[in-house]
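Below is one structure, written out as structure tokens; comments come after it.
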Amino acid sequence: MNTFQKFFTIALFLMTAMVYSQTTVSGTVVDASGPVPGANVLEKGTSNGTSTDFDGNFSIQVEEGKGVLEISFVGMVTTEFAFTATSGQNIDAGTITLSNEDNVLEEVILTGTIDIAKNRETPVAVSTIRAIDIQENLGTQELPEILNVTPSVYATKQGGGFGDSRINIRGFDQRNTAVMINGQPVNDMENGWVYWSNWAGLSDVTTAMQVQRGLGSSKLAISSVGGTINVITRTSTAREGGTVATTFGNDNYTKVQGSYSTGLLESGFSASILISHTQGDGYVDGTKFEGNNYFIGLGYKINDAHDLQFIFTGAPQWHHQKSFAPSIADHQLYQKNGPDPDATTPNRKYNGDWGYFDGKEYSFRRNFYHKPVMSLNWEWVINDKMRLSTVVYGSWGRGGGTGEIGRINGRRQYQLKTPSGLIPVDDIFNWNSGGSVPSFGDDRTKFNNAYSNTGNNGHPDGGGRNGSDNGISRRASMNSHNWYGGIINFHDDINENWSFDVGADLRTYKGIHYRVVNDVLGADNYIDYDNQNNRPNIIEPDQFVKASPSWNPWDNITEQEKIDYYNDGLVNWQGLFGQLEYKNDRISAFVQASFSNQGFQRVEYFNEPPESQKSEKKNMAGGNIKGGLNFNINENHNIFGNAGYYSKQPLFDAVFINFSNTINPDLVNEKIIGLEFGYGYTSPKFSLNANLYRTEWADRFESSSVQIGDFRGVANYQGIKQVHMGMEVDFLWRVLDNLRINGMASFGNWEYQGDAEADIFDESQNYVGTSTLYLDGVKVGDAAQVTAALGANYTFFRNFRAGLNWRLASSLYADIDVTDFVDEDNDGSLELPSFNLMDARLSYNWQLKGKNSLEFSVNVNNLFDTLYISESETNRFAEDGDDTWKGINTRNRVFFGWGRTWNTAVRFRF
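Counting in my numbering, the sequence shown runs from 10 upward without gaps.
This is the structure in structure tokens:
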């Protein structure tokens with residue numbers, strides 16, 4: 010035997026020995042509803058791991074000897090499988106069932122500060138969306154839209170710009186729906202809104218999302234009138250491995266993403282990072298966008314008692330918008346290939362907020378923002394009964410949104426449309442710089458020897474409002490903020506049945522509001538006359554602010570030259586909360602109470618002298634008390650109920666009226682009363698939830714300008730009341746091992762109750778009369794009161810999965826302005842046409858060697874290209890002789906939903 014033969018023989022022997030010294034463990038992971046794809050399978054005490062395929066199957070090679078496999082998935086209890094391996098043996102682990110009946114989502118991250126509802130235990134109406142569901146169904150949709158298949162949720166894209174979606178739950182908008190990320194409230198502390206464009210990358214790092222409808226189970230005194238959305242992000246202790254993914258879609262949609270996690274190292278350290286980039290032209294005309302996302306998670310498990318988690322994440326982006334809802338008539342007139350007066354089918358892609366500048370897209374509505382969040386979480390397990398959970402966080406928002414300001418010969422930008430319905434940006438630039446544009450009227454004249462643009466009222470010492478010495482500029486309304494907070498929660502298991510929590514929620518917020526000049530479009534400079542402390546203020550081009558997000562979250566904005574207005578909103582929050590909970594094998598109950606003090610102060614820089622720019626401080630106390638009980642009749646049936654009362658401080662604009670430092674003299678808390686009863690059925694093949702609810706929202710405040718003869722005043726309406734009642738049902742049916750059907754239906758009756766009265770004041774705050782809003786019985790608008798959905802998921806050829814989702818939206822009313830209802834003989838709310846939509850998806854998971862896999866997916870939304878109105882910003886009823894589309898007056902300004910869209914994705918896991 011020669012040397013080569015000897016070497017080959019020895020090598021073959023060694024490889025054979027290695028193969029036969031290993032054992033393969035195979036099995037299938039399921040839950041109550043079927044296979045669990047994407048579950049983590051880890052050989053305990055090692056970094057050797059894999060993931061289940063789309064059928065829930067796994068296969069992992071382990072070393073000879075005794076060992077344990079840990080099987081885990083977001084929202085389920087980690088399960089262990091012990092094995093004893095001998096050389097070359099193949100072990101069949103059989104079917105491993107993960108339970109979500111206890112500790113739902115508790116093992117995800119930061120258990121002490123996230124209030125997650127538990128199936129058959131927490132007595133609230135809840136829907137949980139898993140990471141795999143988000144990955145399969147989201148596609149190019151935005152995160153709120155995936156919740157449209159859950160009861161009483163209505164989410165739309167509004168104008169269709171990147172990140173411009175919004176969501177309503179049980180008829181309450183985002184101001185009254187609490188959004189929590191890792192247990193931290195993110196609703197704006199001044200206006201309560203959630204800007205999803207600031208969280209454009211959130212879906213990349215979300216491991217689970219739970220919607221609790223109604224007052225929910227959160228211990229904090231948050232704005233959960235309609236419900237609470239809990240978003241749980243990835244953690245640094247995610248299993249070792251990473252992903253590389255790319256997505257392509259309609260209208261040049263492109264997304265690339267990469268991530269990697271070290272897993273928990275022997276040293277106790279862990280790290281997880283993710284970066285992504287998204288761009289596209291937008292489905293709606295003139296809505297280009299570009300977004301980035303980053304996530305950094307660092308962890309250190311000091312010992313079994315102490316665990317630290319640091320998270321820093323943000324999503325700087327810019328996108329062009331369709332902010333103004335055109336009329337149905339304009340959607341019909343401005344077709345893809347030009348104006349067509351005879352067209353009756355609306356062009357849903359039409360957008361009047363943009364035009365061409367030097368042959369490129371130029372939008373007067375451009376949003377740009379960067380709002381990173383940094384948090385440090387400390388989990389201290391004091392003993393087997395007590396733990397202390399603490400999180401401190403900070404958020405810094407920088408950016409704003411652009412719009413037009415100024416006039417050309419008395420006309421605003423929207424009065425200068427081209428025959429195609431676009432903005433003539435080239436002509437505006439030409440006219441602003443002294444060129445002749447006959448359709449604009451008189452040529453531009455100089456003011457003080459320069460082409461100086463200014464605001465809508467013109468130069469006070471020049472031509473004024475209709476003068477030819479002014480032009481049109483693009484300004485930016487900046488809404489920056491600095492937000493710091495902390496939550497601390499102490500939990501004690503008194504015994505096997507009783508436990509309690511106490512804690513504090515502290516927040517401080519500074520909102521910084523002003524406008525800047527972005528582009529004078531050919532003019533020489535801009536002159537501002539609105540700051541009484543610096544009038545006039547000449548702003549030169551090198552002082553303009555770019556309409557692009559700053560990657561520096563601590564960017565200095567104090568030196569930016571402001572125009573139009575400049576004020577700060579200061580909000581401080583001090584909250585205390587406590588909860589007592591009881592549970593045994595059949596009963597679980599809780600009672601929870603919280604107290605909060607919210608302090609308001611306003612700083613007016615333009616309209617007040619320096620010595621009196623700060624308003625008085627206004628402190629308002631609030632809080633809630635709620636409780637509930639769940640009773641498990643047997644292993645299949647359970648019933649629950651909950652009730653609560655919430656005294657909610659009003660929003661910032663209700664505290665300071667008339668855009669000034671004037672404090673509302675009639676300020677009172679809003680009052681919410683919630684009541685809910687539900688039933689649940691759970692079995693291996695079928696599960697169902699049904700509930701009834703009633704929510705009363707009273708003592709709302711609205712302010713509006715009113716006309717009394719030749720006099721205009723301000724009416725401050727008090728005591729506006731809404732009552733929302735309804736029924737919700739959802740189910741999941743495992744028809745076959747490879748076929749699952751899910752569905753839901755919700756029926757709401759949301760109305761205003763009673764009328765509202767107001768005192769009217771003139772500009773000097775002198776009482777001049779009263780006004781009444783005739784609202785009794787008027788339907789609440791801006792969300793579908795009846796919704797339904799039906800979905801099917803089918804697995805075939807082992808690794809292929811196909812899905813169909815149908816949904817219905819009905820009893821959808823226009824977004825009314827309650828202050829318009831000053832006539833007793835009104836028509837109420839305008840009902841919009843119902844619509845049905847169908848989505849489809851197909852995916853394939855190619856399981857490679859070890860824990861590597863390659864996944865392919867295709868999604869098609871609005872499969873049948875249905876043309877529908879998603880929301881109306883006006884409430885005009887059709888009268889005899891009016892032009893209509895599907896019975897709706899074409900003068901109504903509306904947003905249409907998107908037509909058929911598609912995307913395809915490839916994802917490599919390693």
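Here a beta-carbon is modelled for each residue, glycine too, at the ideal position from N, C-alpha and C.
Scanning Y690, N66, N667 for the CA closest to the CA of N639 turns up Y690. Contact annotation: S557 and W327 have beta-carbon atoms nearer than 7 Å. Within a 10 Å sphere around the beta-carbon of W560 sit fewer than 16 other beta-carbons, which makes this residue exposed. Taking a cut-off of 8 Å for Cβ pairs, the stretch 283 to 298 and the stretch 160 to 170 touch, as three or more such pairs fall below it. The continuous beta strand (DSSP E) containing H379 extends over residues 375 to 379. Look at W815 here: in three-state DSSP terms it is strand. Annotation: S557 is outside any beta strand (DSSP E) and is labelled neither H nor E by DSSP. DSSP places I825 outside both helix and strand once states are collapsed to three, so it counts as coil. Contact between the stretch 846 to 866 and the stretch 776 to 794 is absent: fewer than 3 CB-CB pairs across the two stretches fall below 8 Å. Scanning its chain for C-beta atoms nearer than 7 Å, with the 5 sequence neighbours on each side dropped, one finds around Q622 the residues V612, E613, Y614, in chain order.
With contacts defined as CB atoms closer than 7 Å, I69 and I105 fail to qualify as a contacting pair. In this structure, DSSP gives S448 a helical state, which the three-state scheme calls helix.
Excluding its 5 nearest sequence neighbours in each direction, D768 has C-beta neighbours in its own chain below 7 Å: N725, Y776, T779, listed in chain order.
F586 and I572 have their alpha carbons spaced roughly 43 Å apart.
Between the stretch 883 to 891 and the stretch 156 to 164 there are fewer than three C-beta pairs closer than 8 Å, too few to call the two in contact. DSSP places F366 within a strand segment (E or B) once states are collapsed to three. Pairwise C-beta distances place the stretch 443 to 455 out of contact with the stretch 491 to 498, as fewer than three of them are shorter than 8 Å. Scanning its chain for C-beta atoms nearer than 7 Å, with the 5 sequence neighbours on each side dropped, one finds around Q541 the residues F615, N616, in chain order.
Nearest to D510 by C-alpha distance, out of L589, D764, T322, is L589. Scanning the stretch 106 to 189 from its first residue to its last, the whole beta strand (DSSP E) runs of 3-plus residues come out as 134 to 139, 162 to 165, 175 to 178. For I311, there is no enclosing alpha helix (DSSP H), as DSSP gives it neither H nor E. It is roughly 14 Å from the alpha-carbon of N670 to the alpha-carbon of G608.
Spanning the alpha carbons of V401 and A652 requires a straight line of approximately 31 Å. In the three-state reduction of the DSSP assignment, F438 falls in the helix class, which pools H, G and I. Three or more beta-carbon pairs separated by less than 8 Å link the stretch 197 to 207 to the stretch 511 to 521, which places the two stretches in contact. Between the stretch 696 to 706 and the stretch 731 to 751, the count of C-beta pairs closer than 8 Å reaches three or more; the two stretches touch.
Its Cα nearest to that of L51, the residue V77 stands out among N301, V77, F873.
Residue pairing from DSSP places A217 in a beta bridge opposite R139, I241. When the Cα atoms are used, A663 and P325 turn out to be separated by approximately 31 Å. Here the C-alpha atom of F917 lies approximately 5 Å from the C-alpha atom of V253. For H646, the uninterrupted beta strand (DSSP E) run begins and ends at 646 to 657, by DSSP. Contact between E145 and S174 fails: their C-beta atoms lie close to 19 Å from each other, not under 8 Å.
In this structure, K860 and T59 form a Cβ contact; the two beta carbons are roughly 4 Å apart against a cut-off of 8 Å. Secondary structure at Y402: strand, using DSSP grouped into helix, strand and coil. In this structure, the CA atom of E760 is about 8 Å from the CA atom of D785. Counting only the Cα atoms, S879 lies some 23 Å from V234.
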